[in-house]
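Asks:
There are 2 protein chains.
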Amino acid sequence: MPSRGDELAESGQKAVPKRPSCWMGGAARICFCPTVQAAQNPYPRGVNTLILGATGGIGQSLAHRLAGLVSRLWLSGRNGQILAGLARDLGAQAVPAELGHELEVQALAAEVGPLDLLIYAAGAVSKSSLRELSGADLERLTTANLGGLSLALKYATFNPNARVVVLGVYPDLITVPGLSAYVATKLGAEGLTNVARKEFRREGVRFCLVRLPAVATMLWAPLAGAPKTALHPDDAATRILEGVLAEPMPDVLEVRSA
Amino acid sequence: MPSRGDELAESGQKAVPKRPSCWMGGAARICFCPTVQAAQNPYPRGVNTLILGATGGIGQSLAHRLAGLVSRLWLSGRNGQILAGLARDLGAQAVPAELGHELEVQALAAEVGPLDLLIYAAGAVSKSSLRELSGADLERLTTANLGGLSLALKYATFNPNARVVVLGVYPDLITVPGLSAYVATKLGAEGLTNVARKEFRREGVRFCLVRLPAVATMLWAPLAGAPKTALHPDDAATRILEGVLAEPMPDVLEVRSA
Chain A
1 MPSRGDELAE SGQKAVPKRP SCWMGGAARI CFCPTVQAAQ NPYPRGVNTL
51 ILGATGGIGQ SLAHRLAGLV SRLWLSGRNG QILAGLARDL GAQAVPAELG
101 HELEVQALAA EVGPLDLLIY AAGAVSKSSL RELSGADLER LTTANLGGLS
151 LALKYATFNP NARVVVLGVY PDLITVPGLS AYVATKLGAE GLTNVARKEF
201 RREGVRFCLV RLPAVATMLW APLAGAPKTA LHPDDAATRI LEGVLAEPMP
251 DVLEVRSA
Chain B
259 MPSRGDELAE SGQKAVPKRP SCWMGGAARI CFCPTVQAAQ NPYPRGVNTL
309 ILGATGGIGQ SLAHRLAGLV SRLWLSGRNG QILAGLARDL GAQAVPAELG
359 HELEVQALAA EVGPLDLLIY AAGAVSKSSL RELSGADLER LTTANLGGLS
409 LALKYATFNP NARVVVLGVY PDLITVPGLS AYVATKLGAE GLTNVARKEF
459 RREGVRFCLV RLPAVATMLW APLAGAPKTA LHPDDAATRI LEGVLAEPMP
509 DVLEVRSA
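Chains as they are written, first to last, in my numbering: chain A, 1 to 258; chain B, 259 to 516.
(1) Cβ closer than 8 Å: which chain B residues qualify as neighbours of Ala189 (chain A)?
(2) For Leu425 (chain B), decide whether its Cβ has a neighbour in chain A, counting only Cβ atoms nearer than 7 Å.
(3) Within this structure, are the beta carbons of Ser129 (chain A) and Glu457 (chain B) separated by less than 7 Å?
(4) Rounded to whole angstroms, what's the CA-CA distance from Gly91 (chain A) to Ala237 (chain A)? Just pull it up for me.
(5) Could you run through the region 138 to 156 of chain A and flag, in chain order, every residue whose CB is less than 7 Å away from some CB of chain B?
(6) Under 8 Å between beta-carbons, which chain A residues line up against Gly371 (chain B)? List them in chain order, please.
(7) Taking only three categories from DSSP, how would you classify Tyr413 (chain B)?
(8) Suppose the cutoff is 6 Å on Cβ atoms and the five residues either side in sequence are ignored; what does the same chain contact list for Pro491 (chain B) look like?
(9) For the region 191 to 208 of chain A, list every residue whose C-beta sits within 7 Å of some C-beta in chain B, in sequence order.
(10) Can you name the residues of chain B whose CB is closer than 7 Å to the CB of Gly135 (chain A)?
(11) Which residues share a DSSP beta bridge with Arg163 (chain A)?
(12) For chain A, is any of its Cβ atoms less than 7 Å away from the one on Pro435 (chain B)?
(13) Can you tell me whether Ala196 (chain A) is buried or exposed, with buried defined as 16 or more other CB within 10 angstroms of its CB?
(14) How about Gly147 (chain A) and Val210 (chain A): are their beta carbons less than 7 Å apart?
(15) Does Ser438 (chain B) get closer than 7 Å to chain A when you measure Cβ to Cβ?
(16) Do Leu50 (chain A) and Leu153 (chain A) count as a contact pair if the criterion is CB distance below 7 Å?
(17) Check Asn48 (chain A) in the structure and name its three-state DSSP category.
(18) Using the C-alpha atoms, what's the distance from Ser180 (chain A) back to Leu517 (chain B)?
(19) Between which two residues does the alpha helix (DSSP H) carrying Ser129 (chain A) extend?
(20) With 7 Å set as the bound, which would you pick, yes or no: does the beta-carbon of Leu470 (chain B) sit closer than that to a beta-carbon of chain A?
(21) Using the Cα positions of Arg323 (chain B) and Gly53 (chain A), report the straight-line distance between them to the nearest angstrom.
(22) Taking 7 Å as the threshold (C-beta atoms), are Ala442 (chain B) and Gly188 (chain A) in contact?
(23) Can you say whether Thr487 (chain B) is buried or exposed, counting buried as having 16 or more other CB atoms within 10 angstroms of its CB?
(24) Spell out whether any CB of chain E is found under 7 Å from the CB atom of Arg131 (chain A).
(25) Would you report the Cα separation of Glu132 (chain A) and Ser126 (chain A), rounded to the nearest angstrom?
(26) Check whether the Cβ atoms of Ala109 (chain A) and Ala94 (chain A) lie closer than 7 Å to each other.
(27) If you follow the alpha helix (DSSP H) that Arg284 (chain A) is part of, which residue opens it and which one closes it?
(28) Glu254 (chain A) by DSSP, collapsed to three states: which one?
(29) Please report the Cβ distance between Arg336 (chain B) and Pro354 (chain B), rounded to the nearest whole angstrom; I am assuming they are in contact, meaning their Cβ atoms lie under 8 Å.
(30) DSSP three-state call for Val441 (chain B): helix, strand or coil?
(31) So the candidates are B:Ala382, B:Leu503, B:Thr313; which of them puts its Cα closest to the Cα of Ser339 (chain B)?
(32) Compute the Euclidean distance between the alpha carbons of Ala162 (chain A) and Lys186 (chain A), then round it to the nearest angstrom.
(33) Identify whether Val284 (chain A) lies in helix, strand or coil by the three-state DSSP scheme.
(34) Please classify Arg469 (chain B): does DSSP put it in a helix, a strand, or coil?
(35) If I'm right that Phe158 (chain A) touches Val205 (chain A) with Cβ under 8 Å, what's the distance once you round it to whole angstroms?
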């Protein structure tokens, strides 16, 4: 899985990886070297990675790209069956959890141990005018888009220089009739991330908010399908990782449509 | 209660009201004339006004300024005793409601009837790092700052050209450690308001998001008191009403510290 230009040697038209680049020296302890293997130690010095929302469209694409690249990959989601299959295919660890249940998130955080990379790719959407918005829908979106992130940050432990990646939006693109609960909870998560960045600075944890355009995932099912300009989830995942694995990681990564 | 310059005749150093200005002509049916009295009709043609969060610091100041200015003033809050006293003092109607209870909000909306002016002044704050944020606190702030607004807009009915006023924040001012839940829910409400503006356009309802600096209210109690530069709630209320009763009402009203 290629990262930014400093890990690629441009060779003609095709980028091929340079020798594996391990960023183990100095303050940067994170290593994205594909040759690093999980050691006996359950929490090896390396890239201990957790994807929350790993069974979603972008989450699965991220998992495929990170498998083999990081020393330990934990995949979490609500659908245990899909999750188990994905983890088996990728040699990853499945850790099902309901992001609305505090004890489950707490147990998950304890199980995965100190993280080097946490990607919050969970999310939910509903299309409903404010006149018709059900309390259940608002609660569901609040949990998936905002409350789960809050709980994850409450219980996650991090190695120094860890990175937290939150998948976000372009507010103007989604401020349309019918998406009030989605807009509210996604912008809430953005605000929470901005506070988290300040609170976790002392722990050496850095945060990246990724602004995503439309991505062709099942999230669009209740919206009558993704627009034609939507990014393929694989392309979105590639661009996300190019950005968030860069050094230094940007506070905000803007991914644009093709 | 003086409004903007077009309702004031500057006379020397002191502004004195011109003759009452009724904006009853043309498309504008709202009347801010102080001489209009509530008629026998429970929903008189005039300014049927509801303040949600009327027992808070800004809510009470808004209530004092609107009393006698609007034809009918409904005050809602959770503390029935304070609410009843305030309503009695001001000749207003007390309609206690718990903004987290959908049926109570629905009943409230039915009781107050079609509104010309709805002010969402409810709000809650807590100071807690993400590491210590309780689920109960996040839920309380979500209800007060976001969920209650969503429910109010679900059930409120409006006269043409009605105005909805949402008290908001300057995001940069509040993005500080300990305020993650406050930031998330206030920014969520801002996002919701921006969608509501589009959804309610067909009903002729306009929305104003008021950005407020620190205001010296009890909301600051858990934050060890308001800063010295905080606005007095009376000053905040005056500036809010000057802005939101103007024609045309701005989409965003920025109130600055003194």
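Just so you know, even glycine gets a beta-carbon here, dropped at the ideal spot from N, CA and C.
Replies: Answer, in terms of the structure:
(1) Locating residue 189 (chain A) in the first sequence gives position 189, counting from the first residue. Simply Ala442.
(2) Against the second sequence, residue 425 (chain B) aligns to sequence position 167. With 7 Å as the cut-off, Leu425 (chain B) does not count as an interface residue toward chain A.
(3) Stepping through the first sequence from its first residue, residue 129 (chain A) is reached at position 129. Stepping through the second sequence from its first residue, residue 457 (chain B) is reached at position 199. Going by C-beta atoms, Ser129 (chain A) is nearer than 7 Å to Glu457 (chain B).
(4) For the purposes of this step, residue 91 (chain A) is identified with residue 91 of the first sequence, where counting begins at 1. For the purposes of this step, residue 237 (chain A) is identified with residue 237 of the first sequence, where counting begins at 1. One C-alpha to the other measures close to 19 Å.
(5) Against chain B - using a Cβ distance shorter than 7 Å - the residues of the region 138 to 156 of chain A are Leu138, Thr142, Leu146, Gly147, Ser150, Leu153, Lys154.
(6) Mapped onto the second sequence, residue 371 (chain B) falls at position 113. Within 8 Å of the CB of Gly371 (chain B), no CB atom of chain A is found; the nearest one sits about 17 Å away.
(7) Counted from its first residue, the second sequence places residue 413 (chain B) at position 155. Collapsing the DSSP output to three states places Tyr413 (chain B) in a helix.
(8) Numbered from 1 along the second sequence, position 233 holds the residue referred to as residue 491 (chain B). Cβ-Cβ distances below 6 Å link Pro491 (chain B) to Gly315, Ile316, Ser319, Val473, Thr475 in the same chain, with the five nearest sequence neighbours on each side left out; the list follows chain order.
(9) The residues in question are Gly191, Leu192, Asn194, Val195, Ala196, Lys198, Glu199.
(10) The sequence position of residue 135 (chain A) within the first sequence is 135, counting from 1. Those are Glu360, listed as they occur along chain B.
(11) As a working mapping, residue 163 (chain A) is identified with position 163 in the first sequence. Note: Arg163 (chain A) sits in a beta bridge opposite A:Leu117, A:Arg206.
(12) Along the second sequence, one-based indexing puts residue 435 (chain B) at 177. Chain A, which has a Cβ nearer than 7 Å to the Cβ of Pro435 (chain B), makes this yes.
(13) On the first sequence, position 196 is the one that residue 196 (chain A) refers to. Burial is judged here by how many other beta carbons sit within 10 angstroms of a residue's own beta carbon; Ala196 (chain A) has at least 16 and is buried.
(14) Here residue 147 (chain A) corresponds to residue number 147 of the first sequence, with the count starting at 1. Here residue 210 (chain A) corresponds to residue number 210 of the first sequence, with the count starting at 1. Result no, Cβ atoms of Gly147 (chain A) and Val210 (chain A) do not sit closer than 7 Å.
(15) Within the second sequence, residue 438 (chain B) is the residue found at index 180, counting from 1. It does; some Cβ of chain A falls within 7 Å.
(16) Here residue 153 (chain A) refers to the residue found at position 153 of the first sequence. Here residue 50 (chain A) refers to the residue found at position 50 of the first sequence. No, the Cβ-Cβ distance between Leu153 (chain A) and Leu50 (chain A) is not below 7 Å.
(17) Mapped onto the first sequence, residue 48 (chain A) falls at position 48. Three-state DSSP puts Asn48 (chain A) in a strand.
(18) An answer regarding residue 517 (chain B) cannot be provided, because it is not within the stretch 259 to 516 covered by chain B.
(19) The residue labelled residue 129 (chain A) in the question sits at position 129 within the first sequence. Following the DSSP letters along the chain, one finds Ser129 (chain A) in no alpha helix (DSSP H), marked with neither H nor E.
(20) Residue mapping note: residue 470 (chain B) aligns to position 212 of the second sequence, counting from 1. For Leu470 (chain B), not one C-beta of chain A is nearer than 7 Å to its own C-beta.
(21) Locating residue 323 (chain B) in the second sequence gives position 65, counting from the first residue. Locating residue 53 (chain A) in the first sequence gives position 53, counting from the first residue. Spanning the two alpha carbons is a distance of roughly 49 Å.
(22) By 1-based counting over the first sequence, the position of residue 188 (chain A) is 188. By 1-based counting over the second sequence, the position of residue 442 (chain B) is 184. Cβ atoms of Gly188 (chain A) and Ala442 (chain B): closer than 7 Å.
(23) Reading the second sequence from its first residue, position 229 is the one you call residue 487 (chain B). Taking every protein chain shown into account, the CB of Thr487 (chain B) has fewer than 16 other CB atoms within 10 angstroms, so this residue is exposed.
(24) Going by chain labels, chain E is absent from the structure shown, which instead holds the protein chains A and B.
(25) Along the first sequence, one-based indexing puts residue 132 (chain A) at 132. Along the first sequence, one-based indexing puts residue 126 (chain A) at 126. Whole-angstrom Cα-Cα distance: 11 Å.
(26) Within the first sequence, the letter at position 109 stands for residue 109 (chain A). Within the first sequence, the letter at position 94 stands for residue 94 (chain A). No. Outside cutoff.
(27) In the structure as shown, chain A begins at 1 and stops at 258. Residue 284 (chain A) is therefore absent and cannot be evaluated.
(28) Locating residue 254 (chain A) in the first sequence gives position 254, where the first residue counts as 1. Note: Glu254 (chain A) maps to strand in three-state DSSP.
(29) To locate residue 336 (chain B), count along the second sequence from 1; it is residue 78. To locate residue 354 (chain B), count along the second sequence from 1; it is residue 96. Yes, they are in contact, since the Cβ atoms of Arg336 (chain B) and Pro354 (chain B) sit about 7 Å apart, within 8 Å.
(30) Mapped onto the second sequence, residue 441 (chain B) falls at position 183. Val441 (chain B) falls in the helix class under three-state DSSP.
(31) As a first step, residue 339 (chain B) must be located in the second sequence, where it is residue number 81. Residue 339 (chain B) is actually Gln in this sequence, not Ser. Gln339 (chain B) has its Cα closest to that of B:Thr313, out of B:Ala382, B:Leu503, B:Thr313.
(32) For the purposes of this step, residue 162 (chain A) is taken as residue 162 along the first sequence, with counting starting at 1. For the purposes of this step, residue 186 (chain A) is taken as residue 186 along the first sequence, with counting starting at 1. Computed Cα separation, rounded: 23 Å.
(33) The structure shown does not extend to residue 284 (chain A), since chain A spans only 1 to 258, so no value can be given for it.
(34) Counting from one through the second sequence, the residue named residue 469 (chain B) turns up at place 211. Strand at Arg469 (chain B).
(35) Position 158 of the first sequence, counting from 1, holds the residue named residue 158 (chain A). Position 205 of the first sequence, counting from 1, holds the residue named residue 205 (chain A). Separation of the CB atoms of Phe158 (chain A) and Val205 (chain A) is rounded to 5 Å, and the pair is thereby assigned contact status at 8 Å.
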